[in-house]
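Colleague: Residue numbers (our numbering): -11 to 140. Glycine included, each C-beta is placed from N, C-alpha and C at the ideal position. Attaching a single structure in structure tokens format; questions to follow.
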Amino acid sequence: MATNFFNTQWSDRGPVERIVILGGAIGATIFLLVKGKKIVEAIKNRQKDQTFQGDLNELITGGKNLSYQDSQYLIFADSLYQAMKGYGTDETSIAGIMYKMKNDADVLKLVQLFGQKDGYTLPEWIADDFSQDDKTFYINNILAKKGIQYRF
-11 MATNFFNTQW SDRGPVERIV ILGGAIGATI FLLVKGKKIV EAIKNRQKDQ
39 TFQGDLNELI TGGKNLSYQD SQYLIFADSL YQAMKGYGTD ETSIAGIMYK
89 MKNDADVLKL VQLFGQKDGY TLPEWIADDF SQDDKTFYIN NILAKKGIQY
139 RF
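Structure follows, in structure tokens:
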């Protein structure tokens, strides 16, 4: 009866073959430890993107139209990133962009096209850069005055 790699006993393997198998197992384990976190993170981000897209589609179907072209939301997103990155936060610039949002669809599109910058989504950036009071004053109150339900 012929044997192959998968039905050969450990004790029947030669020293080189054992080293190769152990090395491969160790290498695979290290790879999973290093890349596993990134893979899980990518899956979670894809789920978030799908949720935002689903919510956005629902709003558009319900009659909430987008106020701008995608390129304008990308400009808004880049401006928000520039206002928050580094030391300090330019709250006035962020408030100015929030004033330009006209409905929930606009806010969801902005969040979606912001994507991830330096590993964080727009809600995560805002949560990190703003105190609760500042977030309420510079962002959520502005959205509420416009009848927008979304809150950061």
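#1: Among the residues of its own chain, which have a CB less than 7 Å from the CB of K123, if the five just before and after it don't count?
#2: Would L68 be called buried (16 or more neighbouring beta carbons within 10 Å of its own) or exposed?
#3: By the three-class DSSP mapping on this structure, what secondary structure does Y61 have?
#4: Mind checking which residues open and close the alpha helix (DSSP H) that includes M89?
#5: Use the C-beta contact count for A65: other C-beta atoms within 10 angstroms, 16 or more gives buried, fewer gives exposed.
#6: When you compare the CB positions of F102 and L110, do they come within less than 8 Å of one another, or not?
#7: Do you know how far the Cα of Y126 is from the Cα of D116?
#8: Helix, strand or coil: how does DSSP classify K149 here?
#9: With 16 as the cutoff for other CB atoms within 10 Å, does A132 come out buried or exposed?
#10: I think I130 touches M86, with their Cβ atoms under 8 Å apart; what is that distance to the nearest whole Å?
#11: Looking only at its own chain, which residues have a Cβ that is under 7 Å from the Cβ of L62, when we skip the five neighbours before and after it?
#12: Consider the C-beta atom of N128 and the heavy atoms of the ligand MN; say whether any pair is separated by less than 7 Å.
#13: Would you tell me roughly how many angstroms separate the C-alpha atoms of I(-8) and E46, rounded to the nearest one?
Modeller: Checking against the coordinates, here is how it stands:
#1: I114 and F140
#2: buried
#3: helix
#4: Here M89 belongs to no alpha helix (DSSP H), and DSSP marks it neither H nor E.
#5: buried
#6: yes
#7: 14 Å
#8: The requested residue 149 does not occur in the structure, where the chain is confined to residues -11 to 140.
#9: By the neighbour-count rule (16 or more Cβ atoms within 10 Å), A132 is not buried but exposed.
#10: That belief holds up - the Cβ atoms of I130 and M86 are roughly 4 Å apart, short of 8 Å.
#11: L101
#12: The model depicted lacks the ligand MN and carries no ligand whatsoever.
#13: The amino acid occupying residue -8 in the given sequence is Asn; Ile does not appear at that position. Whole-angstrom Cα-Cα distance: 56 Å.
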